[in-house]
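Participant: Before I ask anything, here is the structure I am working with.
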Amino acid sequence: MRVALSFLALPLACTGCSMMAPSTAVVQPAHDWRAVATDSDRARLRDWRGAFTAALAAASKSGHAADIAKEGALLNPDSAIGGPIPDGMYRCRVIKLGAKSVGMLDYVAYPYFNCRVQQKGEAQSFAKLNGSQRQVGIIFPHDQLRSVFLGTLTLGDEARATPYGVDPDRDVVGYVERIGEARWRLVMPYPHFESQLDVMELVPAS
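What the sequence shown shows, in mature numbering (1 follows the signal peptide of the UniProt record, and there is no 0), is residues -20 to -1, 1 to 186, in sequence order.
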């Protein structure tokens, strides 16, 4: 039986910025991401490499080969080296690769924002705390190389995240991978908006 993830995001006071509190994510009684993921998200995960290579090819063709090379392991599909992401505060930035439709850009790199990883039972909660697009959800154990993220996307000044599985356009799925000494990424294949692949870099805030 598929179990829904429910999220609650409450606003925090923040001078000069838009910041959301980390969500409270409840997953019961599932201890495995497969019991939670929608069929659509299972398919997106299965084809993560296809999304990665196609998005890189589109960005390179549009003149961004040097930008891709500069990012090193972050934009190398085979750079995962294993190791869970510790709880804590992170600086996080997103790179969008491969336009989803005509008129969109094939390469967009955003500045750093704030993210938090926090233990929630046998899994971890994840929340991007500021920015116009904020991923909120759960990081599930998967294998020795990577973890699985299931969550939703909160937009603009929304104070509450849509529960996972309720609105497919808001659902987010991806792999969390360690790619360096203190560097992780969240690879999100086939997002529903703008791009073919979103890659979020995560580095400790301190």
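Just so you know, even glycine gets a beta-carbon here, dropped at the ideal spot from N, CA and C. Bear in mind that the values here come from a model prediction, so they are computed numbers and not experimental data.
Leaving aside the five residues before and after G63 along the sequence, list all residues of the same chain whose C-beta is less than 8 Å from its C-beta, in chain order.
Facilitator: Counting only Cβ-Cβ distances below 8 Å, and skipping sequence neighbours, we find R158.
Participant: Quick check on this structure: which residue in V88, F106 and I65 has the alpha carbon closest to the alpha carbon of G78?
Facilitator: Here the closest residue by C-alpha is V88.
Participant: For I61, count neighbouring C-beta atoms within 10 Å of its own C-beta (all shown protein chains included) and say buried if the count is 16 or more, exposed if not.
Facilitator: Classification for I61: exposed.
Participant: Here's a check: name, in chain order, each residue in its chain whose Cβ is nearer than 8 Å to the Cβ of H122, leaving out the five neighbours to either side.
Facilitator: The residues are W13, V128 and Y155.
Participant: Compute the beta-carbon to beta-carbon distance between V179 and L25, rounded to the nearest angstrom, for a pair I have assumed lies under 8 Å.
Facilitator: Contact doesn't hold; Cβ gap of about 15 Å is too wide.
Participant: Across which residues does DSSP place R26 in a beta bridge pair?
Facilitator: The partner list for R26 (beta bridge, DSSP) is empty, contrary to what the question assumes.
Participant: Between the alpha carbons of D21 and G43, how many angstroms are there, rounded?
Facilitator: Near 30 Å, if we compare the C-alpha coordinates of G43 and D21.
Participant: Do you know whose CA, among T142, K80, K41 and G52, lies nearest R163's CA?
Facilitator: That would be G52, whose Cα lies nearest to the Cα of R163.
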